[in-house]
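S.K.: So in the working numbering, spot 40 of the sequence shown is number 40, and the numbers just go up one at a time. The beta-carbon is built from N, C-alpha and C at its ideal position, and this holds for glycine as well. Quick caveat, the model's predicted, so the values are computed rather than measured. Shown below is the structure under consideration.
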Amino acid sequence: MNHAPQATRHDIAGNDAHATGQHHPIGVYLKVWAYLFVLSAMSYLVDYFAVQGIMRWLLIITFMLLKAGLIVAIFMHMAWERLSLVYAILVPPLCLATLVGLMLIESRYTFWTRILFLDFGG
Numbered sequence: 001m002n003h004a005p006q007a008t009r010h011d012i013a014g015n016d017a018h019a020t021g022q023h024h025p026i027g028v029y030l031k032v033w034a035y036l037f038v039l040s041a042m043s044y045l046v047d048y049f050a051v052q053g054i055m056r057w058l059l060i061i062t063f064m065l066l067k068a069g070l071i072v073a074i075f076m077h078m079a080w081e082r083l084s085l086v087y088a089i090l091v092p093p094l095c096l097a098t099l100v101g102l103m104l105i106e107s108r109y110t111f112w113t114r115i116l117f118l119d120f121g122g
């Protein structure tokens, strides 16, 4: 009588994936490359059409963040990582960005309070 545990199909596939590494279709990388090209072209068009003011910076930052997200997700394989690792990498910068935003709000409040009540305006 054989009492050895039977390997399931999931176990075999998991061991095979570790032995050979992850391979993704080249089409995924080509699509992401095309998206990056389009986003870069759109970023260039913001300068070409001389968009000015807050709209210029909003568009440039949006395109930059979209490109960074695609690069991290696909080329750095973050899309295929465990969720706990994704959280460990993404949550600290988001917390720092939140704190920087709060400090920006506080600094503007302090600046205008000093201007209004301490008469540093001249």
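Quick test of your reading: L70 and V32, contact by CB under 8 Å. State the CB separation rounded to the nearest angstrom.
M.R.: Sequence index remark: in the sequence shown, residue 70 carries index 70 (1-based). Sequence index remark: in the sequence shown, residue 32 carries index 32 (1-based). With 8 Å as the limit, L70 and V32 qualify as a contact, their Cβ atoms being about 5 Å apart.
S.K.: Would F117 be called buried (16 or more neighbouring beta carbons within 10 Å of its own) or exposed?
M.R.: Counting from 1 along the sequence shown, the entry for residue 117 is found at position 117. It counts as exposed.
S.K.: Is it buried or exposed for I115, if we count other Cβ within 10 angstroms and need 16 for buried?
M.R.: On the sequence shown, position 115 is the one that residue 115 refers to. So I115 ends up on the exposed side.
S.K.: Give the range of the alpha helix (DSSP H) segment to which R108 is assigned.
M.R.: Here residue 108 is taken as the residue at index 108 of the sequence shown, counted from 1. Unbroken alpha helix (DSSP H) run through R108: 83-118.
S.K.: What is the DSSP secondary structure of G138, counted as helix, strand or coil?
M.R.: The requested residue 138 does not occur in the structure, where the chain is confined to residues 1 to 122.
S.K.: What did DSSP end up calling M76 once you bin it into helix, strand or coil?
M.R.: Translated into the one-based positions of the sequence shown, residue 76 becomes position 76. If DSSP states are grouped into helix, strand and coil, M76 belongs with coil.
S.K.: Apart from the five residues on each side of it in sequence, which residues of its chain come closer than 6 Å, Cβ to Cβ, to E106?
M.R.: If you number the sequence shown from 1, residue 106 lands on position 106. Nothing listed; no residue qualifies.
S.K.: F63: buried (16+ other C-beta within 10 angstroms of its C-beta) or exposed?
M.R.: Here residue 63 is taken as the residue at index 63 of the sequence shown, counted from 1. The residue is buried, with at least 16 neighbouring Cβ atoms inside 10 Å.
S.K.: From which residue to which residue does the alpha helix (DSSP H) around V28 run?
M.R.: Taking the first residue of the sequence shown as position 1, residue 28 is located at position 28. Element bounds for V28: 26-48.
S.K.: Can you tell me whether A17 is buried or exposed? The criterion is at least 16 other CB atoms within 10 Å of its CB, across all chains shown.
M.R.: The count along the sequence shown starts at 1 and reaches residue 17 at position 17. Interpretation of A17 is limited by its pLDDT of 47, a score under 50 that renders its predicted location unreliable; no figure is taken from the coordinates.
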